[in-house]
Each structure stands twice: as structure tokens, then as C-alpha cells.
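Following: one structure in C-alpha cells, then a few remarks.
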Amino acid sequence: MTELIAVAVITALAVISPGADFAMIVRNSYLHGRTTGLLGATGVAAGVLVHVTYTMLGVGLLIASSTALFTAIKLIGAAYLVYVGIKTFRSKPVELDLERTTALSPFGALRAGFLTNVLNPKTTLFVVSTFTQVVQPGTPVVQQVGYGLFMSFAHLVWFGAVALFFSHSRLRAVMLRGQRALNKVIGSVLAGLGISLAFAPSS
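Under the working numbering, think of the first position of the sequence shown as 966, with each following residue one higher.
Now the structure itself:
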């Protein structure tokens, strides 16, 4: 029971802490609408499952013990965030009809959420540290799988709620009017996160 509570609390704190996933979902929700935002949240949840899978297979221990490997993962993730940040910052405002679908495909929405999460070293650290520091070696595999599914579901619920909030028609209309400034803010946040991750200590 103590282990379960610890996993739940750590997961909740990790999910609600602002980061690249949050910035991505906010942008896609106000810019492309509710469906795109929810698909992005689904992509984030799928990304968490990738982290859980390799951690349970033992790769997480290798990542945790190898500074070089973690640094490589960190730099790849940082480069992706900087790329998306610069692209967002430089993007021009577009005229959108709130009643119609946008150019971003369902696959594109899923991919954006998935890549943002799966390439995020912070999520790597969250999952790996939880399984190595909190979950006991003797914990049944089925129970560990349950923890992993809970982590993924928690991300889906939280970012689904974020998507619903920022895709609300009135709020979305206001944000679209300030699209130029929002693109620069969100782009700066994503690029800033990427740069901070790149220069953060690997241990």
C-alpha cells in the first residue's frame, strides 16, 4: 500500500508540473481544436508507455548507470524541443475557422504528442527513478505493469483536461487573436526547455 501511494503521488506531481508536453498540448489545442488536443494527449500517454516498457525490460537500469547513454538521449530530446520551439516561434499567424478542421492530420497530432514525450529526458528520469527507487524488486510483474498503465492513464487524463480547457471556443477565439504573441511565448518556452535540458548535469 505504501508503494502504491508513493507511485501515485510521484506520478501526480510529475504529470502536473509544466513542461514540454504541456506547452505542446496548449498550442495544438487552441490552434487546431479539441480533437487535435485530445489526440496529442493520447500521444503523450503512448510515449509514457514506451518509457515504462524499456524500464521494465531492464534498459532503464542501463540508462541510469550509463552517463554517456543518458547524455545522448538527453541531447536528442533537447535538439527536438529546440527545433519545435524555433519552428513555433517563427510560425506566422494563420486565419482559422473555428467550425472547421485544420491542416494537422490525426496522425500528425498523435505524432506531436508522442515524440514530445518519448524524447523528453525528464520523463525518462521520472519513470526510471520511480521504478528503481520506489518499486521493490520483489513487486509482482503484473503489479508493475499496473503502475505503468496508471502513469500513462494519469498523463492521458491530465493532458486531456488541458486540451479540453484550451480548446474551449471562447478561450480559443481569444488565444487565436493573440496568436502571434502566443507562438513566440510557447516557442521560447520549448526552445528554452531544450537548451536547459542540454546543459543540465547528466547525473
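Here a beta-carbon is modelled for each residue, glycine too, at the ideal position from N, C-alpha and C.
With a threshold of 16 other beta carbon atoms within 10 Å, R1137 meets it and is buried. Contact check for L1003 against A1146 fails: the beta carbons are separated by 8 Å or more. Apart from sequence neighbours up to five positions away, the residues of its chain that approach R999 with a beta-carbon distance below 8 Å are A1128, L1129 and S1132, ordered along the chain. Only residues of its own chain outside the window of five on either side were considered, and among them F1091 have a CB closer than 7 Å to the CB of A979, listed in chain order. Look at the beta carbons and you see the stretch 1114-1123 not touching the stretch 1045-1056: under three pairs across the two are nearer than 8 Å. The residue among S982, S1031, K1087 and F1035 with its C-alpha nearest the C-alpha of G1012 is K1087.
Relative to A1006, the option among V1107, D986 and Y1019 whose CA is nearest is D986. Using a 10 angstroms sphere on the CB of G1103, the tally of other CB atoms stays under 16, which defines it as exposed. Classified as exposed, S1070 has fewer than 16 neighbouring CB atoms from the shown chains inside 10 Å of its CB. The three-state reading of DSSP puts P983 in coil, since its state is none of H, G, I, E or B. In the three-state scheme derived from DSSP, where H, G and I count as helix and E and B as strand, V1100 is classed as coil.
Look at the beta carbons and you see the stretch 1140-1156 touching the stretch 989-998: at least three pairs across the two are nearer than 8 Å. Buried is the label assigned to F1079, since at least 16 other Cβ atoms lie within 10 Å of its Cβ.
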